[in-house]
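Q: Numbering (UniProt numbering), first residue to last: 1 to 495.
Backbone N, C-alpha and C define an ideal beta-carbon position, used for all residues, glycine too.
These numbers come from a predicted model, not from an experiment.
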């Protein structure tokens, strides 16, 4: 059992103190990464222009997901909409050239369908990550030509500091974003839709929307009018998703600091004041299932703001986004313990897990972050927290649990409960004794299994007994009671 010494700096005036807390990996926790496709930062590194290139591109994705599975990650935010271009078959926006080398062309397969399917095979949820308002630089928009949003929908677009954006103040902008949401939610088996840049841009005070604001009647301040523009769109999208596929989660990644707080009065850049983003009201109105704030800071700029998010979440999931990229020497040269201290604090003070920006900064970190997560913090699989506010109905337990030996593997199978018509996933618990503690993460052999079987590698020379139990979970992550225990004795003398 590890001990950690967590440095808490509540304000510049307060003394530093050390909190010792015994940490055991939680049974339910979100372990997510942002898998970045823009500029091919995480994947794909090369466009696929041939059949061999397609296979290599797909294999590169499988290698990434295999490493995430090995470290017991359970959620992937895949960047499905980049900058006015997408990674899936769309009738609205062009496919990004990142995948095929040319805007508007698929690379011989549908990348989003492929990622969703492969995530599910590995017991990971797949959430479609949308960059909401930015449309790209002058150069990229010009390269897209007549396929670009700027050419197709010029009345929705504004140029600001050398880049193009959808204008949140134009009512038709919400219609346009919703049309993209409808296309992806109806067309793909995603587990969630995740909004990034759902805010006004950097240096928002000079965003060119004053004429539009003046025509609105100026019944509110400019700041409140801007916030309300985004709020209306958030509510509308959430309501449509829940009417269509209520299990599909709606989340966003706001700035890491919601607003200026008393303990840290000089907070700098904040969601509410700086970019007119009000995720607190989204949660209070029940229009978000999860908030993943981008908390790429240390100490007094991190810990108090976790508290602020958790205190204002209205029972929704708060998943601090951690800046793994800040460990790079070219960024801030953080140490591994800078990240793990934040995981510890988030676990202890009500966070529902953590997300890492970005995937490559976790997998290929030269300071040992991946190893620390795999071997310690994420040593055991974790279930995803239940979405009780959406649906809290408990499913029936699986039936007909069977175990048989197939050479150097045990083959576990089970049957879907006869009474259940909805889609289910499964968790397999095990013990090397004759009883199972299903409350402990240590007992989880595998979770979020989409099929009805599991293969367990074994040592064919061992003499050992196994006890297994299986539970079913709905798409709202509500878990059934465990099935009756099934005992299997492995012996080299029993074929």
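Here's a check: name, in chain order, each residue in its chain whose Cβ is nearer than 7 Å to the Cβ of residue 496, leaving out the five neighbours to either side.
A: Past the boundaries of the shown model lies residue 496; the chain is included only from 1 to 495, so the question cannot be answered.
Q: Is there contact between the segment 148-157 and the segment 217-225, where contact requires at least three CB pairs shorter than 8 Å?
A: The answer is no - the segment 217-225 does not touch the segment 148-157, with fewer than three Cβ pairs under 8 Å.
Q: Going by C-alpha to C-alpha distance, which of 294, 364, 316 sits closest to residue 342?
A: One-based indexing of the chain shown puts residue 342 at position 342. If we check each option's Cα against that of residue 342, 294 comes out closest.
Q: How should residue 432 be labelled, buried or exposed, when 16 other C-beta atoms within 10 angstroms of its C-beta is the threshold for buried?
A: Stepping through the chain shown from its first residue, residue 432 is reached at position 432. By the neighbour-count rule (16 or more Cβ atoms within 10 Å), residue 432 is not buried but exposed.
Q: What whole-angstrom Cβ distance do residue 482 and residue 471 have, given they're in contact under 8 Å?
A: Within the chain shown, the letter at position 482 stands for residue 482. Within the chain shown, the letter at position 471 stands for residue 471. Yes, residue 482 and residue 471 are in contact; Cβ-Cβ is about 5 Å, under 8 Å.
Q: On the premise that residue 87 lies in contact with residue 112, defined as a C-beta separation below 8 Å, what is that separation, rounded to the nearest angstrom?
A: Position 112 of the chain shown, counting from 1, holds the residue named residue 112. Position 87 of the chain shown, counting from 1, holds the residue named residue 87. Contact flag correct, Cβ pair sits at about 5 Å.
Q: Over the uninterrupted alpha helix (DSSP H) stretch that includes residue 309, give me the two end residues.
A: Here residue 309 refers to the residue found at position 309 of the chain shown. From DSSP, the alpha helix (DSSP H) with residue 309 extends over 303-311.
Q: Examine the Cβ distances between the segment 157-165 and the segment 93-113 and report whether three or more of them are shorter than 8 Å.
A: no
Q: One question on the structure: do residue 237 and residue 275 come within less than 7 Å of each other, judged by their Cβ atoms?
A: The residue you call residue 237 lines up with position 237 of the chain shown. The residue you call residue 275 lines up with position 275 of the chain shown. Not a contact, by the Cβ cut-off of 7 Å.
Q: Leaving out five residues before and five after residue 134 in sequence, what residues of the same chain have Cβ atoms less than 6 Å from its Cβ?
A: Stepping through the chain shown from its first residue, residue 134 is reached at position 134. For residue 134, where only same-chain residues beyond five positions count, the Cβ hits under 6 Å are 83, 165, 197.
Q: Grouping DSSP H, G and I as helix and E and B as strand, with all else coil, what is residue 485?
A: For the purposes of this step, residue 485 is taken as residue 485 along the chain shown, with counting starting at 1. Here residue 485 sits in coil by DSSP.
Q: Grab the span of the beta strand (DSSP E) containing residue 466 for me, first residue to last.
A: Locating residue 466 in the chain shown gives position 466, counting from the first residue. Per DSSP, residue 466 belongs to the beta strand (DSSP E) from 464-473.
Q: According to the Cβ coordinates, are residue 258 and residue 271 closer than 7 Å?
A: As a working note, residue 258 is residue 258 in the chain shown. As a working note, residue 271 is residue 271 in the chain shown. Yes; because the gap between Cβ atoms is below 7 Å, this pair is in contact.
Q: Might you give, ordered along the chain, the residues of its own chain that have their beta carbon closer than 6 Å to the beta carbon of residue 264, omitting 5 neighbours on each side?
A: Taking the chain shown and counting its residues from 1, the one referred to as residue 264 is at position 264. Closer than 6 Å at the Cβ level, and outside the excluded window around residue 264, lie 300, 304.
Q: Mind checking who residue 160 pairs with in its DSSP beta bridge?
A: Residue 160 sits at position 160 when you count from the first residue of the chain shown. Per DSSP, 163.
Q: By DSSP, does residue 22 sit in helix, in strand, or in coil?
A: As a first step, residue 22 must be located in the chain shown, where it is residue number 22. Bear in mind that a pLDDT of 48 at residue 22, under 50, signals an unreliable position, so the number given afterwards is only what the model happens to contain. Residue state, collapsed to three classes: strand.
Q: Grab me the residues of residue 131's own chain with a C-beta within less than 8 Å of its C-beta, minus the 5 sequence neighbours each way, in chain order.
A: Within the chain shown, numbered from 1, the residue matching residue 131 stands at position 131. These residues qualify, in order along the chain: 38, 79, 81, 82, 83, 196, 197.
Q: Quick one: using the 10 Å Cβ neighbour count with 16 as the cut-off for buried, is residue 279 buried or exposed?
A: Looking up residue 279 in the chain shown gives position 279. Burial call: buried.
Q: Taking buried to mean at least 16 other C-beta atoms within 10 Å of its own C-beta, is residue 406 buried or exposed?
A: Within the chain shown, residue 406 is the residue found at index 406, counting from 1. Residue 406 comes out exposed.
Q: Assess, as a yes-or-no matter, whether the segment 334-354 is touched by the segment 426-444 under the definition of 3 or more beta carbon pairs within less than 8 Å.
A: no
Q: Would you mind working out which of 29, 52, 361 sits nearest residue 333, comparing C-alpha positions?
A: In the chain shown, residue 333 corresponds to position 333, counting from 1. Considering only alpha carbons, the answer is 361.
Q: Report the option in 204, 338, 283 whose CA atom is closest to the CA atom of residue 328.
A: Numbered from its first residue, the chain shown carries residue 328 at position 328. Of the listed residues, the one whose Cα sits closest to residue 328 is 338.
Q: When the Cα of residue 128 is compared with those of 396, 376, 109, 186, which residue comes out closest?
A: As a first step, residue 128 is located in the chain shown; it is residue number 128 there, counting from the start. Out of 396, 376, 109, 186, 186 has the C-alpha closest to the C-alpha of residue 128.
Q: Within its chain, find whatever has a CB closer than 6 Å to the CB of residue 310; leave out the 5 residues flanking it on each side and keep chain order.
A: Here residue 310 is taken as the residue at index 310 of the chain shown, counted from 1. Contacts found: 318, 350.
Q: How many angstroms separate the CA atom of residue 67 from the CA atom of residue 41?
A: Your numbering for residue 67 matches position 67 in the chain shown. Your numbering for residue 41 matches position 41 in the chain shown. Their backbone Cα atoms lie some 17 Å apart in a straight line.
Q: Taking only the alpha-carbon atoms, compute the straight-line gap between residue 282 and residue 174 and give it to the nearest angstrom.
A: Along the chain shown, read from residue 1 onward, the residue named residue 282 stands at position 282. Along the chain shown, read from residue 1 onward, the residue named residue 174 stands at position 174. In a straight line, the C-alpha of residue 282 is about 16 Å away from that of residue 174.
Q: Please check the pair residue 387 and residue 249, which I expect to be a contact at CB under 8 Å, by giving their CB distance rounded to whole angstroms.
A: For the purposes of this step, residue 387 is identified with residue 387 of the chain shown, where counting begins at 1. For the purposes of this step, residue 249 is identified with residue 249 of the chain shown, where counting begins at 1. Their Cβ separation, rounded to whole angstroms, is 7 Å, which keeps residue 387 and residue 249 in contact under 8 Å.
Q: Quick one: what's residue 125 bridged to in DSSP?
A: On the chain shown, residue 125 is found 125 positions in, with the first residue counted as 1. Residue 125 is bridged to 75.
Q: Grouping DSSP H, G and I as helix and E and B as strand, with all else coil, what is residue 100?
A: Numbered from 1 along the chain shown, position 100 holds the residue referred to as residue 100. Helix at residue 100.
Q: Would you list the one or two residues that DSSP bridges to residue 199?
A: What you label residue 199 is simply residue 199 of the chain shown in a count that begins at 1. Paired residues: none, contrary to the question.
Q: Which residue marks the beginning of the alpha helix (DSSP H) containing residue 361, and which one marks its end?
A: Within the chain shown, residue 361 is the residue found at index 361, counting from 1. Element bounds for residue 361: 359-363.
Q: Which runs of the beta strand (DSSP E) at least 3 residues long sit entirely within the segment 386-415? Give them in chain order.
A: 399-406, 409-415
Q: Considering just the uninterrupted stretch of the alpha helix (DSSP H) at residue 213, what are its terminal residues?
A: Residue 213 sits at position 213 when you count from the first residue of the chain shown. Its alpha helix (DSSP H) spans residues 210-215.
Q: Using the Cβ count rule (16 or more neighbours within 10 Å means buried), how would you classify residue 389?
A: Within the chain shown, residue 389 is the residue found at index 389, counting from 1. It counts as exposed.
Q: Report the start-end ranges of each alpha helix (DSSP H) in the segment 234-272 that is 4 residues or longer and not cut off at the edges.
A: Here no run is fully enclosed.
Q: Counting along the chain, where does the beta strand (DSSP E) carrying residue 431 start and finish?
A: Looking up residue 431 in the chain shown gives position 431. Here the beta strand (DSSP E) through residue 431 covers 425-431.
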